[in-house]
Each structure stands twice: as C-alpha cells, then as structure tokens.
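Undergrad:
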Amino acid sequence: MATKGKVTGVIANMVLLAVDGPVAQNEICYIKTGGDRLMAEVIKINGAKVYVQVFESTRRLKIGEEAEFTGHMLEVSLAPGMLSKNYDGLQNDLDKMEGVFLKRGDYTNPLDEDRIWHFEPLVKEGDTVTAAAWLGAVEENHQNLKIMAPFGIEGKWTVKSIAKAGDYRITDTVAVIENGQGEVKELNMIQKWPVRVAMTDYREKPRPFKLLETGVRTIDTLNPIVEGGTGFIPGPFGTGKTVLQHAISKQAEADIVIIAACGERANEVVEIFTEFPELIDPHTGRKLMERTIIIANTSNMPVAAREASVYTAMTIAEYYRAMGLRVLLMADSTSRWAQALREMSNRMEELPGPDAFPMDISSIIANFYSRAGYVYLNNGEAGSITFIGTVSPAGGNLKEPVTENTKKVARCFYALEQDRADKKRYPAVNPIDSYSKYIEYPEFAEYITGRIGDGWLSMVNEAKTRLLRGKEIAEQINILGDDGVPVDYHVTFWKSELIDYVVLQQDAFDEIDAVTSLERQQEILKNVTAMCRAEYDFDTFQEVTDFFKKAINICKQMNYSEFKSDKYNSFNAELVKLLETKQVSND
Amino acid sequence: MATEAFKKIYTKINSITKATCSLKASGVGYDELATVDGKLAQVVKIMGDEVTLQVFEGTGGIPTDAEVVFLGKAPTLKVSEQLAGRFFNAYGDPIDGGPAVEGQEVEIGGPSVNPVRRKQPSELIATGIAGIDLNNTLVTGQKIPFFADPDQPYNQVMANVAMRAETDKIILGGMGMTNDDYLYFKNLFTNAGALDRIISFMNTTEDPAVERLLIPDMALTAAEYFAVEKNEKVLVLLTDMTMYADALSIVSNRMDQIPSKDSMPGSLYSDLAKIYEKAVQFPAGGSITIIAVTTLSGGDITHAVPDNTGYITEGQLFLRRDSDIGKVIVDPFRSLSRLKQLVSGKKTRKDHPQVMNAAVRLYADAANAKTKLENGFDLTDYDQRALSFAKEYSDKLLAIDVNLNTTEMLDVTWGLFSKYFKPEEVNIRQEFVEKYWK
C-alpha cells in the first residue's frame, strides 16, 4: 500500500505532511487540493513529519488535505522522440498543454507513444548484455539513436529474444532479457532514470582532449573548450552572457544540444523557439532544432521545478552520451538554480552559509559539474557531455559563493567584463582573466597539432602575451601621456589592439562574422601574428595610430566578407599594400 | 453573497507583530484573504491550526479580541471595459469618487504564460527620444526599467514615453509615490485628453507600505484582461519598484526569514521575476509591455534591488545630467535594450545597428580623451574631433528633449560622422559608408 500523508503546514511552496508509512528522501508525492494534483518532492524527514517542496503554487491549499506517495524519486522518461521537444523543468511537454496560460497540476507525457520507429536489432538471441548495452537502433532526425538495456540492471543478462527489424512504437516490447537467477525483463524502448542520480554505466572517463569547435574566436583560438569539458561564463547583466551562450549552442559541433533555461527570461527561450527551427546547423546543413532539446523553466515558473530542471537536463544528456553521441549541455543560469536552493533552505530554517546560501552549495555544484565528461562506453565507443553554465554574480562581484564554488570545478572560465561591454567590444570576454585549463593538457596539444599543424599553440601563446603587454602599456600611456612614452610603446599597444579588434571582437549578429571556421581562425591568427611580428618604421605616435586604425578597418572588412571571396581577396590586397608603406623589409 | 454562510468568524488573536498576527483557525487556505478588525489581511503561513496573517495596513490598534473573518478567496480585481479612465487604490477600490467597477472577478497574481505560447516580440515602440529609439530601441512585450537616482526626472521621461508611444491602454502602478507626483500624472493624463485609455492603481507615501505589494499584481491583472480578452497593446508603468522591494523586506523581516544581500529576502529574484515576466507578446496580437522605475541609492547598481532587476528585465535605461550641454541625456554606455536587435535593422533602416554601435564607440573615445584632458595631457587631433563629436551627439541625439523618427536620427548621426571623422575611423561596413557618407 502506498504511503499517504495529510497536510499539516504551508509556507509558500514548502508543505509539511504527517505520513502513515515509510517515505524516502527525494520521493515524489502528489497533494490533492480542489481538484488539482500538485507534484511535490520530499526534502526532509523528521519522524512522521515530512517536509516537501511543491513544484506548483500552493494557493488555497488547506490543512488536512491528502497526499499520496509514489514510491519513486523524481525521474525522467527516456526514449526516441525527444529531439526538438520543449519541456518544462519536470519534463512535461509544453506543447501538449492547452491554453495560453500554464495550469496548476497539468502534467503531460514527455514522449509520443503513437509515433512509429524503424527498429534495427544490434544483438541476437543468446548474447550477453549489461546495463546500457546497445540492443537496437532507430533513426530520429538523421541521428542514429540506440535502444539500450536498462541503466539500472546489475550483472550479466542474456538476450532471450530480440525484435526483428521493423516498425514499432516505443511501448512495444523489443527485447526480453534474463539473468542467472532466472529473473526475466521485457523491454520496450522507454528507460526511466532518477534525475538526481548520475548514470555511470561506462568503462572509463579519460581526460578530455578533442577540441569542441564553437565558431567563436575568443573561445576556439584563445581559450578552447573540449568535447566532454566543463566551462562557465560569469558576468554582470548586460555583458552579453545570453548572446554568447546562444552563439555557442547554435554553432558548436555537437550531435545533440540541450539548453536548460533555468530561471531566466521567457523571451530568451522564445527566441530559441522562433529562430532554431529556421537556422541551419553549420556542420550538418540541417535545421538546428532537429538536434536541440529545450528545458524551459523560466523565472516566473515555480522555483522548485527550476531547481529540478538542471538535473532533468543533465539526465537527458547522459542518456544520449550512453549512445555514443556528443552532447552539449548549456545551463542559463546556474545562479538561479542556486537561488532556488537558497529559498528552500531558508524556508526550512536551516543555518545559512555565506550570503544565506545553503552550507553544502559547493558540494552540490561540484557533484553536478562532475556528471559531464568524455567517456569510453563498455563497448569501446566514445560519448561526451560538454557542460557550459552561466553564472549571474550578484552585483557583478565574482567573489560570491556561486562563482567561487563554480571556479573550483569548471575547467574553462570565460569572464565577461562590464568595461568591455560598455565599450561595445563584444563578445565581452576578458582575454587576460579568462582561461582554459585544457590548452595546457598534453593530450590536447597532441590533438590540435594533428588537426591544424605545428605552431598553432605557440601563436596562441604569443597572442596572449601581446595582449597582456598591450594592457600594461595602455596603463603607462594613460599615466604618462601619449608623448611621455617612446613611439615603440605605441606600436606594442596597437599590436594588442589589432589582436583585440580582429581576433577577439566578433559580431554575433553579422551573417558572416558570427561563425568562424577553425580553418578561417587559423588564417586570421596567422595574418595577425605576421603583422605583429613585423618591424615598422614610424616617426610619431600619431602615425602609429593612423596606420593601425587603417589596418584594423581592412581586417574587419575581411572578417565581414565571405572567406576567400573576391571581396575578401581585394581587401587582403589592400592590406598588403598598406603594410608595405610602413613595414621594414627584413631582407 | 453566496459564500457568506460559510464564513467563519474568530475573535481570539494569539500574537501580533507590526505587520502580522496569528490565531488558531481551521479550514483556511493558503494565500486566502481575511479581514482583521475590518482591515484586509492575507494568509502567509499555516502551521497546524495556527494561521499567520499579513495585515496590509499594519496592525496598529488591533486588539487581541478583534474580529477575524476569512473570505475564502485570494485577492481579486473586477475586470471590464469600465476600468478605463479610472483611479484605484491597492485593493482595486476607486479613489476618484466614481462608482465601483462591475465585471468579472479575477484572482490577481494568476498563472504564467506557457513559454511555447508566447510570440517573439517584433513591434517597435517609437518614443522619439533618440537615446531610446536609436541606441536602445523598445519592443512590445518587453520589460525595461529606468535606473535613476531619486533626483532625476524619471517620472517625467516615463510619462513622455507613455504619451508618445502608440498603445491602446496605459496602466500606471504607483508604489510609494509622493502625492505631488501622483497629481503630476493625474493632471498630465487629464490634460492630454488621454484619460479614457489610462488606468491607475495608486499607493502613495501616505498609504501603508505593505499595501504596495498588491499594486503590480492589480495593474498586471488589468493589463492581462485588455491584452488577452481585447487583444490590445498595453503599456504598464510601475514606479517605483525599489519601494515595492522595501515592502517585501519589511514583511519577510516580520516573518523571521533569514535576509540575504542588503537585507532583502532570499526570494527577491523570484518575487520580482513574477511581476516582470508578465510582459508578453500574445500570438493573437495583444501585448503587455512594462516600463518600470528602480530608484538607486547614489547610483549604486550592485545593490540587491537593481542587481536582481537587471538580471530579470530586458535591459535598463540610465539617465545622466551631461554638464557639457546642460541637459539630461539617456546614458549610452550603461543603457541597454536587449530586444533591440529584433527590430533595429529589421523594422528600421539596415544601417541602424552598425551606426548605433559606431557612434557609441566614438563617444567612448571622447570619454577617454576627456580623461586625458583632465589629467593634463595634450590632446591629439583625433581626440579633439572626438570631443566635438560627443558634444554635438549628446545635444542633438542623446538629450531627452529630442523628438525625431528613426530615419532622421540615423541621418543626423551620419552627418556627424562625416563632419568629424574619416570613414576608416568609423569602422562600418563599406556598403553603408558608400551609401550614407555625406
């Protein structure tokens, strides 16, 4: 018999229940009130007194109303048919809901049970399988998806029967497996998995090494992220966090992109709904929406569901990684998730940690980031989850608990800076404070050398040094005045400006400039490096400024032109001519 | 009333604080309204048979044997066309001497719009102010606040924007507004002959602070009626949201909640988001646009209220007095409209985004030159030109007394570019330079 409870207290979305049987931490229950069933999750148990967080508004909830426990934790349903879907934080299909406004207690099936899939078996009768083994394959939106043995099973199982190639619904039985103890499972295409538990049915998790191309120069060239890597983007509001995140999700070379809009603006999600079905994936030529899943729990949707939404997104990502796919997971913003934790901890009257966040915020963040990664599956194939989270630091101050604790665990740091944003130097990623730990990995060096040849990393490091040098000199010029420093100083300063304007700054709204292929990034960096390495002959600092402004303008026009087009080539010729006027020949 | 028979009356209050009182009661729903000694109150906590009520007016003068009546409903507003042209208090009762409004009774603070049912905002709201239309274009369905110090003319600019914008209804939500400002709005609306499309919900500094908490929900419930039922374009003005947040912190303090940054409740972000996210473009054509005011203390935007607001709203507008021209301008550095790219260059001329960015970049160069000048350094020829440009740009475009259409604004900017700079100093796509350079 399922455990039942009665409401004994209500404070906003925290409800106290008196229960009549066993209850598990994080177990899901439904509270019945005025014809609605409100989903809630156990967050604290004290004898027969159980605290639950309700994923909905608790308006008009009364003492004595009944709750029914389900015996399972918050879980998602995983099967073919999820691509292009728009879910809320609890994996309800938003498109299946009726009406313009969300209705309390309206839960919809995340899967389409009537859709027919063409199934191809990958095992035969008598084969031995373990958890997450690939039993068969179906195709969805041109992606080869796997039907897998349940993630939760233990030990070795024997395939008793497997469906023949043909058309099936996700609810049809496609395989029967049996273990040594004579336990038999009939399997359809649906998996269920509790979102707060990491799915670890893989052989090993090596250090990631493969570049994940994003088309954003300040990332790919300067501080690259890798398949299976983790990164975070902190920034005060108005510094272009969302624009950068959308650019990455549009352009990244991934098979599946999952966007968790966690406590952010609804219009930003609408932008994705509106644009992605039209936009083309630059790598495959197909519609972006075909590879995208959106988890939309915007800021006005219930707080507890917001907290759950990042876990829902991560679990869906793990499902696709187990198929050997490259998944990119973006969460905007992890600060809103942490704030949801804070609201709940506050209502439970827990002793607060820094800035009233719960004490265990650092371990919660660390555990979450650790679920990303590049893995070798049990069958030797590789899959990855690259996770990039944004952080919205209160007051733009990076010394706050969420930013600090994220910095401890994420390997790439893209610091958005107010000052750069004010000067409209977009993307406003500070080139000096930001870092990628991956660029120091020998595994990465080996990979990138194989991909684009020797000399790349040394050019990148040279550019970074020049940027730092340029910043130092800019400070000196500010203090001493233009005339107070040697002309050489101006040359060094303008070389760093050249790198800034041509490599780092990129117009996310320009058709051509928005995405730069790795090949083109290589060309740009080569060009800029050559210009920086050259010796020039200037008499006055004014000449330096004029010369570099002209050079920057031409390089920018090149960035706006189709790569290697006539227009591009003619600008290039113009640039060569300009360089000849001041360059000292090395012959 | 049909529910009259079910009303339960209690007369024993156990504890009273400045804003709340608690009593033993049963069958009470969360969020439900009650009257305590005739004063309106709302259930904020139920623990066993102990119910805590937040008394909007404050608890002054309430005796422990006061009559407490539970009304069995959350706060409501009666909505119909009759709302137009009227002034109401925080409870939705008329304060203009007119009759009570008849219409459908709707609970305020209703559910959120399903994000997949929203439409992407795409209609420009022209205000004639170039600091807004040129640099920070507003779009229907947007939410944007003025970040302003209390001494700045934000209410006047907001009123200007409201009167010039082409909308079907303007709904003003006044929180902690001084009586003088209330009369300013009242006179302005009356004299403009625009009263029939304006609805006001007012909480002045003379009214109890906690009552303010109802104002945004009242205003937005009325807005939803006109935007959803009548497919109208509704502009909601909320001033001042900092006063609203102050009331939130008073209540959370009385409820013994652990304060987070700047003594604000930990739920401040969600509380503000619930209001601002009511801004929406409906597929049927109706829309709710929110322009709010968040007053700052000494220009500090890292304070919890402007900070959380900035993360919720789609940009913010800053006002600044420019001493070079002696006028108030819309600050081009700190102001931002996040939705501008949905219309600029699409609903306006194609060169709009690049012209806008180039002008702001040059304005930033002028700011650098100014710093150099203040530090006693010689200015280059470029610095001089940038400074002259900045002054004229400020006067002809950024000042809040400007009233032009966007094409005129672009032409004026190109004129200034040509007057002070060479094309390579402006960094704009060649095709635009060829077309518009004067």
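Residue numbers (the working numbering), protein chains in the order written: chain W, 1 to 587; chain X, 588 to 1025. Yeah, the Cβ is synthetic: ideal placement off N, Cα and C, and Gly gets one too.
#1: Determine the chain X residues that contact W:Phe237 at a beta-carbon separation under 7 angstroms, and present them in chain order.
#2: I need the straight-line Cα distance from W:Asn223 to W:Val7, nearest angstrom please.
#3: Going by the CB atoms, is the gap between W:Val50 and W:Gly9 shorter than 8 angstroms?
#4: If you compare alpha carbons, which of W:Thr58, W:Gln191, W:Arg451 is closest to W:Tyr319?
#5: Please check if any C-beta of chain X sits within less than 8 angstroms of the C-beta of W:Ala137.
#6: Of the residues that make up the stretch 379-393 of chain W, which ones have a beta carbon closer than 8 angstroms to any beta carbon in chain X?
#7: Can you give me the C-alpha to C-alpha distance between X:Pro940 and X:Gln928, rounded to a whole angstrom?
#8: Along chain W, in chain order, which residues have C-beta atoms closer than 7 angstroms to that of X:Asp618?
#9: Would you report the Cα separation of W:Val138 and W:Thr292, rounded to the nearest angstrom?
#10: Kindly indicate the opening and closing residues of the alpha helix (DSSP H) around W:Asp566.
#11: Evaluate contact between the stretch 353-363 of chain W and the stretch 227-239 of chain W, counting only Cβ atoms and requiring at least three cross-stretch pairs below 8 angstroms.
#12: Give me the chain X residues within the contact set of W:Ser299, using Cβ-Cβ distance strictly less than 9 angstroms, ordered along the chain.
#13: What did DSSP end up calling W:His283 once you bin it into helix, strand or coil?
#14: So, is X:Lys820 buried or exposed, given that buried needs 16 or more other C-beta atoms within 10 angstroms?
#15: Pick out whichever of X:Ile712, X:Asn747, X:Leu721, X:Met634 has its Cα sitting closest to the Cα of X:Leu985.
#16: Just verifying my parser: in three-state terms, what is the DSSP assignment at W:Gln339?
#17: W:Ser370: buried (16+ other C-beta within 10 angstroms of its C-beta) or exposed?
#18: With a threshold of 7 angstroms on Cβ separation, who are the neighbours of X:Tyr980 within its own chain once the five nearest residues in sequence on each side are excluded?
#19: Put X:Ala589 into one of helix, strand or coil per three-state DSSP.
#20: Can you list, in chain order, the residues of the stretch 251-269 of chain W whose Cβ is nearer than 9 angstroms to any Cβ on chain X?
#21: I need the DSSP call for W:Phe563, collapsed to helix, strand or coil.
#22: With H, G and I counted as helix, E and B as strand and the rest as coil, what does DSSP make of X:Glu793?
#23: What distance in whole Å lies between the Cβ atoms of W:Asn569 and X:Thr889, which are believed to be in contact at a cut-off of 8 angstroms?
#24: Along the stretch 822-846 of chain X, what residues have a CB closer than 8 angstroms to any CB found in chain W?
#25: List, in chain order, every chain X residue whose beta-carbon is nearer than 9 angstroms to that of W:Val303.
#26: Does X:Arg1016 come within less than 8 angstroms of chain W when only Cβ atoms are used?
#27: So the candidates are X:Tyr1023, X:Lys1022, X:Val1013; which of them puts its Cα closest to the Cα of W:Lys549?
#28: Quick check: the Cα distance between W:Leu16 and W:Asp510, rounded to an integer number of angstroms?
#29: With a 10 Å radius around its C-beta and 16 neighbouring C-beta atoms as the bar for buried, classify X:Gly765 as buried or exposed.
#30: What span of residues does the beta strand (DSSP E) with W:Glu41 cover, start to end?
#31: Tell me, which residues are paired with X:Pro732 by DSSP?
#32: Can you list the residues of chain W that X:Phe920 reaches, using a CB-CB cut of under 7 angstroms?
#33: Using alpha carbons as the reference points, say which of W:Gly81, W:Thr221, W:Leu244 lies closest to W:Met189.
#34: Closest Cβ-Cβ distance between W:Tyr51 and chain X: below 8 angstroms?
#35: If we cut at 8 angstroms on Cβ distances, does X:Thr607 have a partner in chain W?
#36: Using alpha carbons as the reference points, say which of X:Leu824, X:Lys865, X:Ile862 lies closest to X:Val880.
TA: According to the structure data:
#1: Within chain X, the residues near W:Phe237 are Gly897, Tyr898.
#2: Those two C-alpha atoms are separated by around 52 angstroms.
#3: At least 8 angstroms separates the beta-carbon of W:Gly9 from that of W:Val50.
#4: Answer by Cα proximity: W:Gln191.
#5: W:Ala137 does not count as touching chain X.
#6: Residues passing the 8 angstroms Cβ filter: Ser392.
#7: C-alpha of X:Pro940 to C-alpha of X:Gln928: approximately 8 angstroms in a straight line.
#8: The answer, in chain order, is Arg59, Arg60.
#9: Just so you know, the alpha carbons of W:Val138 and W:Thr292 end up roughly 18 angstroms apart.
#10: Its alpha helix (DSSP H) spans residues 566-582.
#11: The stretch 353-363 of chain W is not in contact with the stretch 227-239 of chain W.
#12: By Cβ distance, chain X contributes Tyr856, Ser857, Leu859, Ala860, Lys861, Tyr863, Glu864, Tyr898, Ile899.
#13: Three-state result, W:His283: coil.
#14: Buried.
#15: When C-alpha distances from X:Leu985 are compared across X:Ile712, X:Asn747, X:Leu721, X:Met634, the shortest belongs to X:Leu721.
#16: In this structure, W:Gln339 counts as helix in the three-state DSSP scheme.
#17: Counting the other Cβ atoms within 10 Å of the Cβ of W:Ser370 gives fewer than 16, which makes it exposed.
#18: Correct list, in chain order: Ala946, Tyr950, Leu1003.
#19: Caution is warranted here: a pLDDT of 40 is assigned to X:Ala589, below 50, making its placement in the model unreliable, and the coordinate value is therefore given only provisionally. Helix at X:Ala589.
#20: Answer set for the stretch 251-269 of chain W: Ala261, Gly263, Glu264, Arg265, Ala266, Asn267, Glu268, Val269.
#21: In the three-state reduction of the DSSP assignment, W:Phe563 falls in the coil class, being assigned neither a helical nor a strand state.
#22: X:Glu793 falls in the coil class under three-state DSSP.
#23: Actually they do not touch by this definition, with Cβ atoms about 49 angstroms apart.
#24: Cβ contacts with chain W come from Gln844, Ile845, Pro846.
#25: Within chain X, the residues near W:Val303 are Ser854, Ser857.
#26: X:Arg1016 counts as touching chain W.
#27: Nearest of X:Tyr1023, X:Lys1022, X:Val1013 to W:Lys549, Cα basis: X:Val1013.
#28: Rounded to the nearest whole angstrom, the C-alpha separation of W:Leu16 and W:Asp510 is 54 angstroms.
#29: The question names Gly, but residue 765 of chain X is Thr in the sequence shown. Label assigned to X:Thr765: exposed.
#30: Taken as a continuous stretch (DSSP letters only), the beta strand (DSSP E) holding W:Glu41 covers 36-46.
#31: According to DSSP, which records beta bridges pairwise, X:Pro732 is partnered with X:Ala879.
#32: Simply Asp422.
#33: Ranking W:Gly81, W:Thr221, W:Leu244 by Cα distance to W:Met189 puts W:Gly81 first.
#34: Not an interface residue.
#35: At a cut-off of 8 angstroms between C-beta atoms, X:Thr607 does not count as an interface residue with respect to chain W.
#36: That would be X:Leu824, whose Cα lies nearest to the Cα of X:Val880.
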